[in-house]
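Q: Just so we're on the same page, our numbering is the position in the sequence shown counted from 1, plus 69.
Idealized CB from N, CA, C, for every residue including glycine.
Pasting in a structure now, in structure tokens, and then I'll have a few things to ask.
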Amino acid sequence: MIVQEGDLVLLYFSEDRHYIVKVTRGSTYSFNEGVIRAEDLLGRHYGEVLRTHIGVKFRVVRPSLLDVVYRKFERRTQVIYPKDAALIALKAGVGPGSRIVEAGTGSGCLTAVLAYLVRPSGVVYTYEVRREFIEVARRNLRMLGLEEYVVFKEADVREGIEEQNIDAVVLDLAEPWAVLHHAYKALRNGGVLACFLPTINQVERTVEEARRTGFIMVEAEELLERRYKVRRGETRPELRMVGHTGYLVFARKP
Ligand SMILES: C[S@@+](CC[C@H](N)C(=O)[O-])C[C@H]1O[C@@H](n2cnc3c(N)ncnc32)[C@H](O)[C@@H]1O
Numbered sequence: 070m071i072v073q074e075g076d077l078v079l080l081y082f083s084e085d086r087h088y089i090v091k092v093t094r095g096s097t098y099s100f101n102e103g104v105i106r107a108e109d110l111l112g113r114h115y116g117e118v119l120r121t122h123i124g125v126k127f128r129v130v131r132p133s134l135l136d137v138v139y140r141k142f143e144r145r146t147q148v149i150y151p152k153d154a155a156l157i158a159l160k161a162g163v164g165p166g167s168r169i170v171e172a173g174t175g176s177g178c179l180t181a182v183l184a185y186l187v188r189p190s191g192v193v194y195t196y197e198v199r200r201e202f203i204e205v206a207r208r209n210l211r212m213l214g215l216e217e218y219v220v221f222k223e224a225d226v227r228e229g230i231e232e233q234n235i236d237a238v239v240l241d242l243a244e245p246w247a248v249l250h251h252a253y254k255a256l257r258n259g260g261v262l263a264c265f266l267p268t269i270n271q272v273e274r275t276v277e278e279a280r281r282t283g284f285i286m287v288e289a290e291e292l293l294e295r296r297y298k299v300r301r302g303e304t305r306p307e308l309r310m311v312g313h314t315g316y317l318v319f320a321r322k323p
């Protein structure tokens, strides 16, 4: 596999120094480790070791979805972290062909994860009230070639969800309880509601409203992720961790 015009490439110098660049003919990329030209990368094999103009070695790596979403996307809002996005996707049963409604779009991090999973025949309808965020999310999704699996809707989801027979509704906004009756209507039987909520009082209100609306199997949970520093005889958790992202509420339409 060789580097081609338009590719996103991860330039790996060391475990804590790597950068993602878009390879565009004529471009140069400057780092503390030296300068690299797009022409140095084009046509090279992924995995190859190259050198910057001052001789510092780096490896040409194909970035993963998460590398791009969490290290290259422009962020204009709080975003959903990979640990939460992963559970949302799995519990909501998101896969090829799924039809998902999401609100709000924000920076599009979760949208990208969902769009990646619904390919090639599914679609993500994403509602966002602020046009400037739609533009940011659209640019971000385009970077990964995922824009074609997303329908961006500039609308207040509290006013209604137009789609029907939807497999999952995913809500990341301040007042999900105001949307649950629309979500219930839009979902197919057995469809999943997933809500991301930064505070515990939002959880209580959302769960109560979900039960009142007729959802079943209503669950609230939180995921804690701890990374490890691994060295023989000295392996231990990293000293710093992300202490809190948010809570998750899941429910199903019977
Ligand atoms: C925390 S951000 C979403 C971040 C997104 N999940 C991500 O991973 O990038 C919440 C977004 O919801 C939007 N929003 C809030 N209320 C909304 C509503 N009623 N309808 C549509 N969008 C709404 C906000 O403008 C904001 O962009």
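Is the number of C-beta pairs between the region 202-210 and the region 170-177 that are closer than 8 Å three or more?
A: These segments touch.
Q: For ligand 1, is there a heavy atom less than 7 Å away from the beta-carbon of T314?
A: No, Cβ of T314 sits at least 7 Å from all heavy atoms of ligand 1.
Q: Give the straight-line distance between the Cα atoms of S190 and A289, rounded to the nearest whole angstrom.
A: So the two alpha carbons sit approximately 31 Å from each other.
Q: If you drop the 5 nearest sequence neighbours on each side, which residues of the same chain put their C-beta closer than 8 Å to that of L186?
A: If we look at L186 and ignore the five residues flanking it on each side, its Cβ neighbours are A158, V163, G164, P165, S167.
Q: Verify the contact flag: G175, CB atom, against every heavy atom of ligand 1, threshold strictly below 7 Å.
A: Result yes, Cβ under 7 Å from ligand 1.
Q: Is any non-hydrogen atom of ligand 1 found closer than 7 Å to the C-beta of Q147, if you look at the structure I gave you?
A: Correct: Q147 has its Cβ closer than 7 Å to ligand 1.
Q: Check whether the region 115-128 touches the region 147-154, taking contact to mean three or more Cβ pairs, one atom from each stretch, closer than 8 Å.
A: Contact fails: fewer than three Cβ-Cβ distances are below 8 Å.
Q: Can you look up F202 in the DSSP assignment and give me helix, strand or coil?
A: Looking at F202 - three-state DSSP - the assignment turns out to be helix.
Q: Name the DSSP bridge partner or partners of T195?
A: DSSP lists E171, F221 as partners of T195.
Q: Does the Cβ of I149 have 16 or more other Cβ atoms within 10 Å, making it buried, or fewer, making it exposed?
A: I149 is buried by the Cβ-count criterion.
Q: Assign L266 to buried or exposed, taking buried as 16 or more other Cβ atoms, counted over all protein chains shown, within 10 Å of its Cβ.
A: By the 10 Å Cβ count, L266 comes out buried.
Q: According to DSSP, is M310 helix, strand or coil?
A: Three-state result, M310: coil.
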